[in-house]
Amino acid sequence: MGRIPQAPRKNASEKRTNRKGKLPDLTGGNCLEPEGMHIMDEYLLIRMGKAATAARRRAKELCSTCPVRERCLEDALASEDPPGNWDGMYGGMTPHERKKEVEARNERTSENEQ
Ligand code: SF4
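Each number in the working numbering corresponds to the 1-based position in the sequence shown with 1 added.
Set out below in structure tokens:
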């Protein structure tokens, strides 16, 4: 019996950048380089324990030196609905941090309008 052909498996970074809907423009970002993809894959896949903490720290470091960090973050904050909905790190922020950032900005806006 012949081998059943299978679609190539996508790594976590490919899933992250090919998702439907509006996503931050990652063009020129560190996470599209092979080493950066590996770091983001680890961040997405390792969920528990000290290894997850270390993976999150490496992902934050990657974003902190990214030439398009500001654009990436602002894209994510403006497009993600609801805030913090997307898995993964964008602009150096975790989903929870992005949610908190949008809430803080909304709070500041409503205070300024009063
Ligand atoms: S800021 Fe982070 S997530 Fe955004 S493009 Fe750069 S490395 Fe990728």
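Virtual Cβ for every residue (Gly too), placed ideally from N, Cα, C.
Bear in mind that the values here come from a model prediction, so they are computed numbers and not experimental data.
Please go through the same chain and pick out, in chain order, the residues whose beta-carbon is closer than 7 Å to the beta-carbon of S65, but skip the five residues on each side of it. Counted from its first residue, the sequence shown places residue 65 at position 64. Cβ within range, chain order: G93.
Host alpha helix (DSSP H) of V103 (start-end): As a working note, residue 103 is residue 102 in the sequence shown. P96 to E114 is the extent of the alpha helix (DSSP H) around V103.
Assign P9 to buried or exposed, taking buried as 16 or more other Cβ atoms, counted over all protein chains shown, within 10 Å of its Cβ. Locating residue 9 in the sequence shown gives position 8, counting from the first residue. Its pLDDT being 48, under 50, P9 is placed unreliably in this model, and the value from its coordinates should be taken loosely. So P9 counts as exposed.
Determine whether the beta carbon atoms of M90 and A52 lie at a separation below 9 Å. Position 89 of the sequence shown, counted from the first residue, corresponds to residue 90. Position 51 of the sequence shown, counted from the first residue, corresponds to residue 52. No, these two residues do not count as a Cβ contact at 9 Å.
Proximity test, M90 beta-carbon vs ligand 1 heavy atom, cut-off 8 Å: Here the question's residue 90 lines up with position 89 in the sequence shown. Yes, the beta carbon of M90 sits closer than 8 Å to at least one heavy atom of ligand 1.
Less than 9 Å between the C-beta atoms of L45 and C73, yes or no? If you number the sequence shown from 1, residue 45 lands on position 44. If you number the sequence shown from 1, residue 73 lands on position 72. Not in contact: L45 and C73 (Cβ atoms no closer than 9 Å).
Using alpha carbons as the reference points, say which of V103, E62 and R58 lies closest to S80. As a first step, residue 80 must be located in the sequence shown, where it is residue number 79. Of the listed residues, the one whose Cα sits closest to S80 is V103.
Around the C-beta of A55, are 16 or more other C-beta atoms found within 10 angstroms, so that it is buried, or is it exposed? Counting from one through the sequence shown, the residue named residue 55 turns up at place 54. Counting Cβ neighbours within 10 Å, A55 comes out exposed, since fewer than 16 surround it.
Between G37 and L63, which are expected to be in contact by the criterion C-beta below 8 Å, what is the C-beta distance as a whole number of angstroms? If you number the sequence shown from 1, residue 37 lands on position 36. If you number the sequence shown from 1, residue 63 lands on position 62. The Cβ separation is near 5 Å, so the contact holds.
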